[in-house]
Structures are given as C-alpha cells and as structure tokens.
DNA sequence: ATAACATATGTACATATATTCATATAAGGT
DNA sequence: ACCTTATATGAATATATGTACATATGTTAT
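In structure tokens form, the structure reads like this:
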C-alpha cells in the first residue's frame, strides 16, 4: 500500500485548488524561508538582537557569544548573504549593523508569540 | 596561534558589556529561534501560508505541496510542537489552522523585507 | 470484530548546517 | 619591506534535519 504524488487522494479538491491560488500571491517562498533560516540559530538570533542596540565588530560579537572569531565570522557571512546585516569598515575593523528594522520587527513578533504561548492566552 | 573562549581579545569591552545587558531583555532566545526554525523550511512555510486562508487537513496539505502524507504529517508535528498550528478533529479528519495571527505577521514582515531587498531601497 | 481510512510515529538514510582548524586576505604600524 | 591585527574563507567533521518506508493509532462503517 504505497501512495505518492501520483495516486494521491484529495479529500477536498476545491479547498486544495483555492489554497493553490491563494499561495500564488506569496511568491519568493524560498527567499522568505531563507530569511527565517537565518534567524533559526540561537547564536545568530543573539547577534541580530545585539546589533539592534548598536553596531558591533566581529571580534566583539564573538566575545559576546563566547565563540571563536572564525565561527562568528561564518555566522556573519550567513547573515550578510541573507541580507540581514551590512557592514562598514573602519581601518581593520568591520562594524556590522542591521540592514533595516524588519529584522527587529520579526524578533518582536516572535517574542510576543513565545510569551503568549508560555503564559496564557488559553485556547481562545 | 589558537584562540578560544579563554584567551579572547575584546576590542570594545564596554560595547560587549552593554550588549550583554541589552540581551538580557531578550530571554527565551532558544524558543524564538525554534519558532523561526519552524518557518525556515519552504514546505512548512507554504503550509503556514495556506492555513492563513483556511483550515485544512493533512491529506489536502500533502496534495497541495505534492509530498507524501507521511511527510506532511511530520511537518505538522513540527509546526504543532512549536505552537504555530492547532487542530480540531472531525471524524477521522484532523483540520489544522494557525494558532494566532503572529504567524502571518512574521510572514508579512518577511515578504516586505524580501521585496525591498530585491527591488530597491538603495542602501540609504 | 473486522475492514477501511486519516493521521501519527519510528527508523533509516541522505543532505544540510555549525563548528573547528588551517590558511588567506586586507589594513595598519614599524 | 615586515609583522601584527581583524576578518574571511576552505576543508573536515560532527550534528541536525527532511524524506521515505513501514508500522501503529484512532475513528467510522459494516
């Protein structure tokens, strides 16, 4: 008894169709999931939050998290490649900051959500 | 020449200290990153977006994404365990829906961010 | 009770990700 | 030029994650 994409039963065909149409309004799914992926690591999340308060260099971020500078640099590479942070150079030092405040908006919604899940909002 | 947590240089000690204090306001880092992790998979992201339009059963979600029902069920387990969705049973069918609208708020901020990164907002 | 169906769960495996170590680049100081 | 500092990058390894397959659970109908 195997089922795959081919011999698939669809209970509510109309619902699936509507959902498919609804989903069309949301393109760039891949990019969005990449954005969330960038925030999906506790270390990177802390980096992002720290950068909300001020710009910081890799060295300081590494110290803050208690990880090697190499590890921190790798994380910054990811945050850069996914457009969460940008940097400016001052001599040998690269100062990182958030690209915009969407990033912190995401963190704030997440904070609210976690809090509500934790303390209350008893199922409707 | 190795450096680890022990023989670490800190360029801006005061900055690191301030950042550390700032970070204290953001507890439950782990939970928040778990929330983002839940949205970090394209499949789950599509499921979440689809559920914003209406409640749907596992079977339909599997059909929508073109994956096995088992795979869809595993994804729902993750979304459930991270408090993004809840379900109600009607007979044999479990209908899933989003727990609240924080989830879609996250998606919307992500959408905005991706769009701006893509088309413009030339570096300040 | 048995059968059929919707969903859940366990295990295994392939792939992705994070961290470490080694090395490379870029800037500043001597 | 050389050396040091700050950061980046590459390769290797350990761990995490997603999917498939097999099986289990719970619900309805007969």
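Protein chains in written order, with the working numbering: chain A, 121 to 244; chain B, 121 to 244.
For each residue, glycine too, the CB sits at the ideal point set by N, CA and C.
In this text, all values refer to a predicted model and were calculated from it rather than measured experimentally.
Identity of the residue in the options nearest residue i by Cα
| i | options | result |
| --- | --- | --- |
| residue 205 of chain A | A/182, A/212, A/176 and A/184 | A/176 |
| residue 231 of chain A | A/142, A/194 and A/166 | A/166 |
| residue 142 of chain A | B/225, B/226, B/170 and B/150 | B/170 |
| residue 218 of chain B | B/168, B/148, B/150 and B/146 | B/168 |
| residue 173 of chain A | B/173, B/136, B/228 and B/194 | B/136 |
Alpha-carbon to alpha-carbon, residue j and residue i
| i | j | result |
| --- | --- | --- |
| residue 202 of chain B | residue 160 of chain B | 12 Å |
| residue 192 of chain B | residue 138 of chain A | 19 Å |
| residue 152 of chain A | residue 199 of chain B | 17 Å |
| residue 134 of chain A | residue 238 of chain B | 34 Å |
| residue 210 of chain A | residue 132 of chain B | 14 Å |
| residue 208 of chain A | residue 214 of chain A | 6 Å |
| residue 163 of chain B | residue 182 of chain B | 10 Å |
| residue 187 of chain A | residue 216 of chain B | 40 Å |
| residue 240 of chain B | residue 220 of chain B | 32 Å |
| residue 189 of chain B | residue 222 of chain B | 26 Å |
| residue 144 of chain B | residue 184 of chain A | 12 Å |
| residue 155 of chain B | residue 212 of chain A | 36 Å |
| residue 236 of chain A | residue 194 of chain B | 25 Å |
| residue 196 of chain A | residue 158 of chain A | 10 Å |
| residue 126 of chain B | residue 150 of chain A | The predicted model places residue 126 of chain B with a pLDDT of 42, which falls under 50 and marks its position as unreliable, so this point remains unresolved. |
| residue 146 of chain A | residue 148 of chain B | 30 Å |
| residue 224 of chain B | residue 224 of chain A | 16 Å |
Test item: CB-CB of residue i and residue j under 8 Å
| i | j | result |
| --- | --- | --- |
| residue 140 of chain A | residue 179 of chain B | no |
| residue 229 of chain A | residue 226 of chain B | yes |
### Message
I'd like the ranges of any beta strand (DSSP E) spanning at least 3 consecutive residues and lying wholly in the region 190 to 215 of chain A.
### Response
Qualifying beta strand (DSSP E) stretches, in chain order: 205 to 210.
### Task
Scan the region 143 to 197 of chain A and note each continuous alpha helix (DSSP H) run of 4 residues or more that stays entirely inside, going in chain order.
Runs found: 149 to 159, 162 to 173 and 178 to 185.
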